[in-house]
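Numbering (the numbering used here), first residue to last: 2 to 1124.
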């Protein structure tokens, strides 16, 4: 009912108010009033709410997309949109996916499958043998620049349009295409090898005849596959059997969800109970599995054994699954394959990699279109001045070809070579060792970023938990006083021994003090510490594992003999927090030595083994925010209910106290993750009553979860508060200064994590992602449109506060209020999204790209970050504990998070500034010669005759000017130390002022001025012979270009000086061989020298004067810092 309420501003109407208050959720009633809806018009029309719920998700897009589309729209890019839509439609038709369906899978019988399922091969290649050449050519010629040169080069095959030699047009184009194809071919071969390596991994497959080896790519739905310890799970499977006695095993899911915690998986009870592995073929059983889905945290299915009377039915959940790309961490497992290839959870959550194009490339593409327009206009003017006589259309095309140097093909060659140079410089930087540039096409993007989206676990943190604080209310223990806790534990376990052994031990204790009250207080502290440590040692899901050389058989024997050696014990758990707590109890003397599904054993400091029976266990959930365990101590028969959880959940459960809230706040400000520990003693009758009600609730068919929770809550009353613990998730080196550096650079940082809300908030505070002075707005869980509207209202009223939102709430808000949520979130100084799936991370990246049009960067270290990294404009992977999957999929790979500061501030700045200067200078080089050609043609009766032919044009674009122009890739406006010291300089880069239409027009004016001076100067000074005009103007042109490079350079490098003199030397040396173009006897005269010097001086000196005056009276910000 609540979902149908209109959300347009509500009038003060008592009927409506009563109706609304009756429908609204309870948790909002105390804080939000009906009038709040008036405060936030969420851009919804009256008509919008008349629609049904199913139509709501289409409203925002419809609102944005509703524009008038006429002829202007079509000419200004509409044709491209229409062509793209047609191509997408054709592709969808050709690649129409088969609808994913639920399935029945018979154990060990792939041939019984009703449908044909996809192959289990991994394929990351972009092309195959047939599509490689067309695909690469399409990627090249979809850019206007390359397509333009192809048309111009093809026009030279027509005799009437031929201007010069064919090689002057085809050689540069062929070189560009050859370099691109070789680079793509190398990348494709590498991808093919990686895929082949993964697909060729061998697995043992169970058949009626025994075990056979099968390749990963040949595995089918229904196969029974054996996966050894530390082996990757090849496909999505249902867990049938394990070699572990407990019937459970641990798996590592770091390549799936990014969490390094080990997850406990339970085998299907029916198949685990079978006497031998071969009996799997003697039973008739099948698994019913739901259709393949994206959600990696849920699964619904059933296991049915038909050869029994009655048939055995067992429900399957997420704890019975083994998803592909996870790794078995303990024992050997057998599973039946239910999903393969494209239908596995890991592939469904991985987006296809796209060809990334840098913003600078797009800007240059726009500028080349402007140049083409200028070229056409100039050609039309020339034909018009001719008077449109004769075959004017042919003359028009000849002029277009004649002025084709206005768009130089060397632009692509220089920029591609420059990008490779930047990559080499980045990888050779000793300050960021181990950095790898995997995509050489977008280094300039590092200098244009506005949003940085980062993973948490393994990226900002090391994922190493350290126990820091134990608080008992009246006394607190830190890392420097843990020896006191240890002495209390030793004392508490030594006292019962001494009492039992002799009666004198008891009377010996009080004899140390004169007053009887002191021992009583001391004993109270000792017993409280003992109770707290004991609770922490018992209330968890940790399992100790003992590694042995001879494998499983010996391990089982070791366990049976109770040989609990400290040297070979490791702990396995689904949370690193729990492992940290258990390791700490071991360090103070109470050690967890053994655990199975029904019992748990602790070793005391004196070597005594305490055995506890596990009666019930209540696992942690994101809703309850707590976990509990009921244990029975075998020695005494005492039944105790222990519970630990977040302070918000435990505050109402424990007995009244006046310190818990304050101390939780203190620890949170220190960046510690807090857990409240409590206990409750139960009598045998109380437990029996609880157990009967609990089992009855678990068998309920309707509202099972609610009934179970209600029964457990009946125990959670007036529990005795034992202690508060503080655990620190150690941050990566220099995370805080790096985040501060990025914030000062104007980069907005969003943290996207699959972790719990409390953990994410804690790390956001401790890493200074959220400043101490800033408030945090935690977005409440919302499930429908009304709740989303109310929460957005509450959030809009907050100012300058960080946002923390869960993945589920985010999904609901994006369904109804996508534009509003993104608009509000973008105003926040920091955003934390917790419980995000891999696809949600990628979706957030795409939302920012669509709504803000700013450049995004994603950084992560796990397989779950690959989609986000590939979706972002710039993806950075960290090689860490979670493997190399993110690092291999990223554009840039680094070894530590702190390296991102230098990568962006120094290399991002240099790459962008250098490419902008290089691109504009190459265009200047083309425009100046086109300006000279225009002057020449206009003087000589508008004839479409080239000024310079053959080798002069090729030499001008290559050996005469290439080295100095390309040496601009070594230029820098600010020293690296200065760029890191003043990160505010980075903000200017995001505005794109280094390469804009303004700077382009300035360079165009310079080109027209210099081209006119060079051509008119040569014509004024020539001695009645045309050949002298060519000699004087071309020499002055080469000298002008060399001087212009010197004018552009901001920081000289010895290679730049060498390039200048090398080019000049090459030109002077080549004069001896250019007798076809130059009169060598004239060149050797003094008249030639002074004429060239005068023309060059007139073309360059004014620009030097203007540059000096600008530097003096209006210096750029970086030059102020440098001085």
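The C-beta atom is built at its ideal place from N, Cα and C for all residues, glycine as well.
No experiment lies behind these values; they were computed from the predicted model shown.
Extent of the continuous beta strand (DSSP E) run through residue 464 = 462-472
Give the DSSP-derived three-state secondary structure of residue 53 in the structure shown.
-> Caution is warranted here: a pLDDT of 37 is assigned to residue 53, below 50, making its placement in the model unreliable, and no coordinate value can be reported.
To the nearest angstrom, how far is it from the Cα of residue 953 to the Cα of residue 926?
-> Take the alpha-carbon of residue 953 and the one of residue 926: they are about 14 Å apart.
Could I get the ranges of all uninterrupted alpha helix (DSSP H) runs contained in the stretch 1058-1083, with 4 residues as the minimum, in chain order?
-> none
Expressed to the nearest angstrom, what Euclidean distance is found between the alpha-carbon atoms of residue 1152 and residue 801?
-> Residue 1152 lies beyond the residue range present for the chain, which begins at 2 and ends at 1124; the question has no answer from this structure.
Do residue 842 and residue 866 come within 8 Å of each other at the CB atom, strictly closer than that value?
-> yes
Looking at C-alpha atoms only, which residue of 236, 107, 351 is the closest neighbour of residue 886?
-> 351
Start-to-end residues for the alpha helix (DSSP H) that takes in residue 315 = Where residue 315 is concerned, there is no enclosing alpha helix (DSSP H), although the beta strand (DSSP E) it sits in stretches over 313-317.
Would you list, in sequence order, the uninterrupted alpha helix (DSSP H) runs of no fewer than 4 residues that lie entirely inside the stretch 880-908?
-> 886-890, 900-903
Check the DSSP bridge columns for residue 242 and list the partner residues they point to.
-> 335
Entirely within the stretch 839-886 and at least 4 residues each: give me those alpha helix (DSSP H) ranges in chain order.
-> Segments of the alpha helix (DSSP H) lying fully in the stretch 839-886: 839-853, 867-872.
Every unbroken beta strand (DSSP E) inside the stretch 607-694 [3 residues or more] | 610-619, 627-634, 640-646, 674-683
Which of helix, strand or coil DSSP assigns to residue 1 = A question about residue 1 goes unanswered here, because the residues of the chain that appear run from 2 up to 1124.
By the 10 Å Cβ neighbour count, where 16 or more other Cβ atoms means buried, how is residue 347 classified, buried or exposed?
-> Buried, since its Cβ has 16 or more Cβ neighbours within 10 Å.
Spatial distance of residue 651 from residue 627 (CA atoms) = 8 Å
Assuming residue 1097 contacts residue 1049 (C-beta within less than 8 Å), just tell me the rounded distance between them.
-> The Cβ separation is near 16 Å, so there is no contact.
Helix, strand or coil at residue 1101 [DSSP, three-state] = helix
Look up residue 799 in the DSSP assignment and say whether it is helix, strand or coil.
-> coil
Contact between the stretch 231-248 and the stretch 325-345 (3+ Cβ pairs under 8 Å) | yes
Out of 679, 649, 707, point me to the one whose CA is closest to residue 759's CA.
-> 649
In or out: residue 280 buried (at least 16 other Cβ within 10 Å) or exposed?
-> exposed
With DSSP collapsed to three states, give me the class of residue 974.
-> coil
Shortest alpha-carbon distance to residue 1023 belongs to which of 959, 1065, 1093?
-> Of the candidates 959, 1065, 1093, the residue whose Cα lies closest to the Cα of residue 1023 is 1093.
Measure from the alpha carbon of residue 1125 to the alpha carbon of each residue in 683, 1063, 733, then state which is nearest.
-> With the chain running from 2 to 1124 in the structure shown, residue 1125 is simply not present.
Any contact of the stretch 736-750 with the stretch 696-711, i.e. 3+ C-beta pairs under 8 Å?
-> no
For residue 697, name the three-state secondary structure that DSSP assigns.
-> helix
Thinking C-beta only, is residue 836 closer than 8 Å to residue 755?
-> yes
Count the other C-beta atoms from every protein chain shown that fall within 10 angstroms of the C-beta of residue 1076, then say buried if there are 16 or more, exposed otherwise.
-> exposed
Taking 8 Å as the cut-off, decide whether the C-beta atoms of residue 793 and residue 825 are in contact.
-> yes
Do you know offhand how far residue 458's Cα is from residue 465's?
-> 10 Å
Residue nearest to residue 528 in terms of C-alpha spacing, selected from 490, 547, 539 | Comparing Cα-Cα distances from residue 528 to each of 490, 547, 539, the minimum goes to 490.
Can you find at least 3 beta carbon pairs, one from the stretch 378-385 and one from the stretch 152-164, that sit closer than 8 Å?
-> no
Taking the alpha helix (DSSP H) that residue 1017 falls in, what are its first and last residues?
-> 998-1022
What did DSSP end up calling residue 196 once you bin it into helix, strand or coil?
-> In the three-state DSSP reduction, residue 196 falls in the helix class (H, G or I).
Leaving out five residues before and five after residue 729 in sequence, what residues of the same chain have Cβ atoms less than 6 Å from its Cβ?
-> 467, 469, 673
Do three or more CB pairs link the stretch 657-666 to the stretch 621-641 at distances below 8 Å?
-> no
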